[in-house]
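K.L.:
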Amino acid sequence: DAGVIQSPRHEVTEMGQEVTLRCKPISGHNSLFWYRQTMMRGLELLIYFNNNVPIDDSGMPEDRFSAKMPNASFSTLKIQPSEPRDSAVYFCASSLVGGPSTDTQYFGPGTRLTVL
Amino acid sequence: EDQVTQSPEALRLQEGESSSLNCSYTVSGLRGLFWYRQDPGKGPEFLFTLYSAGEEKEKERLKATLTKKESFLHITAPKPEDSATYLCAVFYGGSQGNLIFGKGTKLSVKP
Chain A
0 DAGVIQSPRH
10 EVTEMGQEVT
20 LRCKPISGHN
30 SLFWYRQTMM
40 RGLELLIYFN
50 NNVPIDDSGM
60 PEDRFSAKMP
70 NASFSTLKIQ
80 PSEPRDSAVY
90 FCASSLVGGP
100 STDTQYFGPG
110 TRLTVL
Chain B
543 EDQVTQSPEA
553 LRLQEGESSS
563 LNCSYTVSGL
573 RGLFWYRQDP
583 GKGPEFLFTL
593 YSAGEEKEKE
603 RLKATLTKKE
613 SFLHITAPKP
623 EDSATYLCAV
633 FYGGSQGNLI
643 FGKGTKLSVK
653 P
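In the order they appear, the protein sequences are chains A and B.
Quick note on the working numbering: the first sequence kicks off at 0 and runs consecutively.
Quick note on the working numbering: the second sequence kicks off at 543 and runs consecutively.
Written out as structure tokens, the structure reads:
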């Protein structure tokens, strides 16, 4: 299996622009997670889906952030408008079943976002 | 305030020099504690899940233990390839639950 696939790997954009990050989970996995990692705050869970349904989005920092999972093999995290403080590495992870405590999560390689 | 604290922030060992990493937590209703390894430029890689005080798990040179207030990741006779950042995460609380990660311990093992 190819593992969790994220694109793009690097994104540089200007403040105010819309940014869309993409994730393809491991085939057969039913849970998908979006994380953000910064030096200051470490790794933070933003949102997770079970069977394509958002279960907990309490970690999404503000309304500028939105996430969708239209089918079992694709998810997007959108930031509109982007701000310099959104600069971070964004990770997608997937697991076979359940939420954060119930199964091993497999992380993708991450998208490094820089907002100028 | 619910939090997870890892110590030390960085640890330098000689090959073969055993040591331990600490993850202390102050949360209510622990449901699981996780250890991950993260190499530079990569996503975290799952190592262990611990669910209750007294539980231990081992994998090669690594052994994770859990008490009611903290977890230790023991590294026995480390090798240079064990160099990485080790992250601890705690899942706790009712209903959907909450997940908090520590800032990590950066381990360097010199040959």
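Built from N, CA and C at the ideal position, the CB exists for glycine as well.
Quick check: the stretch 36-45 of chain A against the stretch 6-22 of chain A, are at least 3 beta-carbon pairs closer than 8 Å?
P.N.:
no
K.L.:
Return the residues of the stretch 557-587 of chain B that lie within a Cβ-Cβ distance of less than 9 Å from chain A, sorted by chain order.
P.N.:
R573, G574, F576, Y578, Q580, G583, K584, G585, P586, E587
K.L.:
Which of helix, strand or coil does DSSP assign to E43 of chain A?
P.N.:
strand
K.L.:
Could you tell me whether the Cβ of T113 of chain A comes closer than 9 Å to any Cβ of chain B?
P.N.:
Residue contact check for T113 of chain A against chain B: no CB pair falls below 9 Å.
K.L.:
Check whether the Cβ atoms of A92 of chain A and L76 of chain A lie closer than 9 Å to each other.
P.N.:
no
K.L.:
Counting pairs of beta carbons, one from the stretch 78-91 of chain A and one from the stretch 543-552 of chain B, are three or more of them closer than 8 Å?
P.N.:
no
K.L.:
Using the beta-carbon count (16 or more within 10 Å), is E10 of chain A buried or exposed?
P.N.:
buried
K.L.:
How should G571 of chain B be labelled, buried or exposed, when 16 other C-beta atoms within 10 angstroms of its C-beta is the threshold for buried?
P.N.:
exposed
K.L.:
Given 8 Å as the limit, tell me if L592 of chain B has its C-beta closer than that to any heavy atom belonging to the ligand ZN.
P.N.:
In the structure on display, the ligand ZN does not appear, and there are no ligands present to speak of.
K.L.:
Between the alpha carbons of S72 of chain A and I46 of chain A, how many angstroms are there, rounded?
P.N.:
16 Å
K.L.:
For L649 of chain B, return the contacting residues in chain A, with the cut-off set at a CB-CB distance below 7 Å.
P.N.:
Residues of chain A passing the Cβ test: none, with the nearest at roughly 16 Å.
K.L.:
Residues of chain A with CB closer than 8 Å to the CB of Q638 of chain B, please, in chain order.
P.N.:
I54, D55, S57, G98
K.L.:
Any idea if R204 of chain A is buried or exposed, counting beta-carbon neighbours within 10 angstroms, 16 or more meaning buried?
P.N.:
Missing from the structure shown is residue 204 of chain A; chain A here goes from 0 to 115 and no further.
K.L.:
In whole angstroms, what is the alpha-carbon distance linking K645 of chain B and C630 of chain B?
P.N.:
8 Å
K.L.:
Taking the C-alpha atoms as reference points, what is the distance between G107 of chain A and A606 of chain B?
P.N.:
24 Å
K.L.:
So, helix, strand or coil for P622 of chain B, using DSSP?
P.N.:
helix
K.L.:
Determine the burial state of G585 of chain B: buried for a count of at least 16 other Cβ atoms within 10 Å of its Cβ, exposed for fewer.
P.N.:
buried
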